[in-house]
Every structure is written in C-alpha cells, then in structure tokens.
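Read in this note's numbering, the sequence shown has 202 at position 61, and its numbers run on one by one without any break. Below is one structure, written out as structure tokens; the observations come after it.
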Amino acid sequence: MNQEIYEELLFARTLITDTKDFESRFEDILTMVIPPWIINPYGDIEETNVIIQEELTELSTNEELKVQYKSGYQQFWLQNNIPVTYPLLWNIARKFLISFPLSYLVERGLSAVTNLLTKKRNRLDIISRGDLRLQN
Numbered sequence: 142m143n144q145e146i147y148e149e150l151l152f153a154r155t156l157i158t159d160t161k162d163f164e165s166r167f168e169d170i171l172t173m174v175i176p177p178w179i180i181n182p183y184g185d186i187e188e189t190n191v192i193i194q195e196e197l198t199e200l201s202t203n204e205e206l207k208v209q210y211k212s213g214y215q216q217f218w219l220q221n222n223i224p225v226t227y228p229l230l231w232n233i234a235r236k237f238l239i240s241f242p243l244s245y246l247v248e249r250g251l252s253a254v255t256n257l258l259t260k261k262r263n264r265l266d267i268i269s270r271g272d273l274r275l276q277n
C-alpha cells in the first residue's frame, strides 16, 4: 500500500513539475490575447479598429471566402489570396497563426542541440587525444 501511495505522489509531483515547465516555456503564448475576428471574421466587428472594420466588412461580402471559412479559421487565413486582398488583416492574423509552431520548432531545435552536445561529452575519445597514460 505504501508503494502505491509513493508512486502516486511521485506521478503527481512529475505532473506539477511538467506543468510549471510548460507554463514557463510557453508563457508568451499562454498570455496571448487573440482578437475575436481572427477566429470568426464574420462575427461582431464593432469593437475593432475602424481601419480593420473596413477590411472585415469587405471580407464579409466575399461569398467565396464564406464557403472556405467552413473548413476552419486556420485554413481560411492561410489561403493564397488573403495576404494580397486583405493585407492589414493578414499582417495581424499571421502572427497568431504562426506563433505556436515557431515556438515549438525553436524548443525542439534547442533540445536537439542540447542532446547532441550531451552525447558528444559522454563519448569523449580520451585514448586518441593521448590523455590516458599508464604509470609504472
């Protein structure tokens, strides 16, 4: 019974540590405030900037894009014609669409480099460097 409790406490501690690590690594993403019009460009636009409202109004009249929006907001914003037709909206939306993959790739790259350096240190070739000497 004691072993089970110990294992559960160890597991709980690991989860807490992992959660804190995740929160510190991705704090910028977790605190990010995404404008509602990025997730639903056809929703209420009253609270947005007037210049953004103009492009959103123009976008809302495009019937072809309304059909594309049904496939999801990520696919909607990543269409080839969006950056050209709605440059202001695209410049804002792309920052939110690209932020997580970039953070993930950077973290993964740094982990790979750390892993390589650690492996290199563990495989020090002492014999070929001449650091291993025998004494009589």
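Beta carbons: idealized from backbone N, C-alpha and C, even for Gly. Since the structure is predicted, the reported quantities are computational estimates derived from the model, not experimental observations.
Taking C-beta atoms as the reference points, Tyr214 and Ile170 fail to come closer than 9 Å. Here the alpha carbon of Leu197 sits roughly 35 Å from the alpha carbon of Phe163. Its Cα nearest to that of Lys236, the residue Met173 stands out among Met173, Asn143, Thr158 and Phe152.
Phe217 counts as buried, since no fewer than 16 other beta carbons sit within 10 angstroms of its beta carbon. Rounded to whole angstroms, Trp231 and Glu248 show a C-alpha spacing of 26 Å.
Fully contained in the stretch 142–190 are the following alpha helix (DSSP H) runs of length 4 or more, in chain order: 143–166, 168–171 and 177–180. Lys161 has its alpha-carbon roughly 21 Å from the corresponding atom of Ala253.
By the neighbour-count criterion, in which a residue is buried when 16 or more other Cβ atoms sit within 10 angstroms of its Cβ, Tyr227 is buried.
Judged by DSSP in its simplified three-state form, Leu200 adopts helix. For Tyr210, the CB contacts under 8 Å within the same chain, skipping 5 residues up- and downstream, are Pro182, Tyr183 and Phe217 in chain order.
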